[in-house]
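End of the sequence shown = 873 in this note's numbering, gap-free, step of one. Ideal placement from N, C-alpha and C gives every residue a C-beta, glycine not left out. Owing to the predicted nature of the structure, the values given are computational and were not obtained by experimental measurement. Written below as structure tokens is the structure these notes are about.
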Amino acid sequence: MSTQQQIDIEVRVDSHPSGRLTLKERNIGELMWSDVADQGLLGNLNHVSFYRQVARRLANHAQKGIQVVNYND
Numbered sequence: 801m802s803t804q805q806q807i808d809i810e811v812r813v814d815s816h817p818s819g820r821l822t823l824k825e826r827n828i829g830e831l832m833w834s835d836v837a838d839q840g841l842l843g844n845l846n847h848v849s850f851y852r853q854v855a856r857r858l859a860n861h862a863q864k865g866i867q868v869v870n871y872n873d
């Protein structure tokens, strides 16, 4: 029997004046945000592909037991 500890994170989208979007994450209780450097999630000008990548990342988190408790866009 596997006991998987749940991890809670916060996720936010930063929008640069140039139109580039970057996904940021942090664990609950942390002060600093980290850029997600995965392909398509850092400085992406194509908003459609960016949000597709965000959806994939959130689905992957759910499969791993990582719960997004706050999403800010």
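Open item on the list: What does the alpha-carbon distance come out to for the pair ARG856 and LEU821?
Closed with: 16 angstroms
Task: VAL836 in three-state terms, based on DSSP - done: coil
TODO: Could you tell me the boundaries of the beta strand (DSSP E) in which ARG820 lies?
DONE: Premise fails: ARG820 is in no beta strand (DSSP E) and is neither H nor E.
Task: Residue environment, VAL854, which counts as buried when at least 16 other CB atoms sit within 10 Å - done: buried
TODO: State the start and end residues of the unbroken beta strand (DSSP E) segment that holds GLN867.
DONE: 866–872
Task: C-beta contact flag for GLN806 and GLY843 at 8 angstroms - done: no
Task: Closest by C-alpha distance to SER834, when choosing among HIS816, ILE809, LEU845 - done: ILE809
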